[in-house]
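> Below is a structure I'd like to ask you about.
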Amino acid sequence: MPLQCNIDQRGRMMRIIAGALIEAPGWMLLVLRYVDVLSGEWPWIVGGAAVLLGMFLILEGALGWCVVRALGV
99 MPLQCNIDQR GRMMRIIAGA LIEAPGWMLL VLRYVDVLSG EWPWIVGGAA VLLGMFLILE
159 GALGWCVVRA LGV
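Numbered per the working numbering, the sequence shown spans residues 99 to 171.
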């Protein structure tokens with residue numbers, strides 16, 4: 099069953115912008131950890147989570163579908 103659009107144009111743009119704003123610092127953390135500016139495991143975990151969340155929000159915006167709204171919230 100294909101996903102039905104459940105957000106309007108404004109909601110789509112908000113998700114794309116929010117996704118980019120969350121994903122960019124995630125990539126920065128990953129790069130800073132990769133070049134050993136930061137130490138420990140937390141940059142890998144937090145950066146990876148931020149990148150994945152940002153990608154998911156951008157995907158929601160591109161598809162016009164929100165998982166939270168689909169669950170009835």
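Every residue, glycine too, gets a C-beta built ideally from N, C-alpha and C.
So, with DSSP's three-state summary, where would you put residue 170?
coil
> Spatial neighbours of residue 132 within its chain, please: C-beta separation below 8 Å, excluding the five flanking residues on both sides.
none
> Please list, in chain order, all residues of the same chain as residue 123 whose beta carbon is under 7 Å from its beta carbon, the five residues on each side excluded.
148
> In chain order, what residues of the same chain lie with their CB nearer than 7 Å to the CB of residue 152, ignoring the 5 residues before and after it?
117, 118, 120, 121, 124
> Where does residue 125 sit, in a helix, a strand or coil, going by DSSP?
helix
> If you count every other CB in all the chains shown that lies within 10 Å of the CB of residue 103, and 16 or more means buried, which is it?
exposed
> Kindly indicate which three-state DSSP category residue 140 falls into: helix, strand or coil?
The answer is helix: DSSP assigns residue 140 an H, G or I state.
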